[in-house]
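In what follows, a structure is listed as structure tokens, so that the remarks can point back to it.
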Amino acid sequence: MTKYIITYFLQFGQIDIPGVGSLQLIKKEAEFSDGIIIAPSEIIHFEKGNITPSKQFYSYLSNLLDISNEQATIQFEQYCKTHFTDHSRITFGNLGSLVKNNDEYTWKSNFESSDYLKNIDINSFPNAQYF
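Here it is, written out as structure tokens:
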């Protein structure tokens, strides 16, 4: 089930986990300021809360598993109850982990877009005055 959660998150940029919270991919476009192209950024933001997944998610899951929406809802909620109750760390592939400590969840991200995308100072380029 975790692989379906990751796939959905990567495709739609958000996943809601009942009784835990929501993971969102937040994107910021590149900007130009004072001769510097400020790199775009992407972060994974976790918001705690008792959130219900969307009908779109259950439809997506039912199509992948070739079951009804109702059955997808039941299976996902059962997965969340058992998996998130029994584990202190839930890993989402290379993206990061939800860590449970005293019934509180926090997000530990493995993804930092700044590791891959850097600012560009065009003032150091030859003929920079033309930019």
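Per my numbering, the sequence shown starts with residue 874, numbered consecutively.
Backbone N, C-alpha and C fix where the C-beta goes; we use that ideal spot for every residue, glycine too.
Owing to the predicted nature of the structure, the values given are computational and were not obtained by experimental measurement.
Taking glutamine 948 as reference, the option from Ala912, Leu971, Pro926 with the minimal CA-CA separation is Pro926.
In the structure shown, the three-state DSSP call for threonine 946 is helix. In terms of Cα proximity to glycine 886, the closest of Glu977, Leu896, Asp994 is Leu896.
By the neighbour-count criterion, in which a residue is buried when 16 or more other Cβ atoms sit within 10 angstroms of its Cβ, threonine 946 is buried.
Closest in C-alpha terms to glutamate 943, from the list Tyr931, Cys953, Asn992, Leu937, comes Tyr931. The alpha-carbon separation between threonine 955 and glutamate 985 amounts to approximately 30 Å.
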